[in-house]
Amino acid sequence: MAENESTQRSAGGGADSKKEGIRLLLVDDETAYVNVLSNRLRKRGFEVTASYSGTEAIQKMRGHEFDVAILDLKMADMDGIEVLKIVKLLDPRMQVIMLTGHGSAAACEQGMQLGAYDYLMKPCELEDLVAKIREAFGKKSS
Numbered sequence: 095m096a097e098n099e100s101t102q103r104s105a106g107g108g109a110d111s112k113k114e115g116i117r118l119l120l121v122d123d124e125t126a127y128v129n130v131l132s133n134r135l136r137k138r139g140f141e142v143t144a145s146y147s148g149t150e151a152i153q154k155m156r157g158h159e160f161d162v163a164i165l166d167l168k169m170a171d172m173d174g175i176e177v178l179k180i181v182k183l184l185d186p187r188m189q190v191i192m193l194t195g196h197g198s199a200a201a202c203e204q205g206m207q208l209g210a211y212d213y214l215m216k217p218c219e220l221e222d223l224v225a226k227i228r229e230a231f232g233k234k235s236s
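For the sequence shown, this note's numbering begins at 95 and goes up steadily by one.
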């Protein structure tokens, strides 16, 4: 996804654009949501790789290392719980934040039991997500 990489390098200036050095894998089948959130996170200095399905996310993991994954719970091809299980097999240290607009607290709790760092309900404030990403990265680094 060379377009994403060039967008990442040229993302706006200002105080928020300092490099975080945190590599994110953002997984959601809502294309517009992924594109908007990716751009907003890049402007905050994160390195974001967008995936529009669970299958695509798993393929991207095989060629790259990520620090934190943000997974939607409900996706058409593979739900976030299935993706979480595979993520933890491929990279047990990767921290995962479940993000869902479908309000299933039970499924999010299941994700936590399977190794997710935390979960947030959509819509969430960007600063809340950024704080969770930094916390999760801190846990991976320790």
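Just so you know, even glycine gets a beta-carbon here, dropped at the ideal spot from N, CA and C.
Measuring alpha carbon to alpha carbon, tell me which of Phe140, Glu114, Asp185 and Met169 ends up nearest Leu193.
-> Counted from its first residue, the sequence shown places residue 193 at position 99. Looking at the Cα atoms, Met169 is the closest of the given residues.
Span of the beta strand (DSSP E) around Ser145 | Locating residue 145 in the sequence shown gives position 51, where the first residue counts as 1. Looking at the DSSP string, the run of the beta strand (DSSP E) that includes Ser145 is Glu141 to Ser145.
Backbone CA spacing between Arg117 and Asp161 [nearest angstrom] = Taking the sequence shown and counting its residues from 1, the one referred to as residue 117 is at position 23. Taking the sequence shown and counting its residues from 1, the one referred to as residue 161 is at position 67. Rounded to whole angstroms, Arg117 to Asp161 spans 5 Å at the Cα level.
From the DSSP output, in three-state form, read off Tyr127 for me.
-> On the sequence shown, position 33 is the one that residue 127 refers to. Three-state result, Tyr127: helix.
Opening and closing residue of the beta strand (DSSP E) in which Leu193 lies = Residue numbering aside, residue 193 sits at position 99 when the sequence shown is read from its first letter. Element bounds for Leu193: Gln189 to Thr194.
Any contact of the segment 195–203 with the segment 212–219, i.e. 3+ C-beta pairs under 8 Å?
-> yes
Assign Met215 to one of three DSSP states: helix, strand, or coil.
-> Residue numbering aside, residue 215 sits at position 121 when the sequence shown is read from its first letter. Strand, per DSSP.
Below 7 Å CB to CB, which residues in the same chain sit around Gly115 once its five sequence neighbours on both sides are set aside?
-> As a position in the sequence shown, residue 115 is number 21, starting the count at 1. Answer for Gly115: no residue qualifies.
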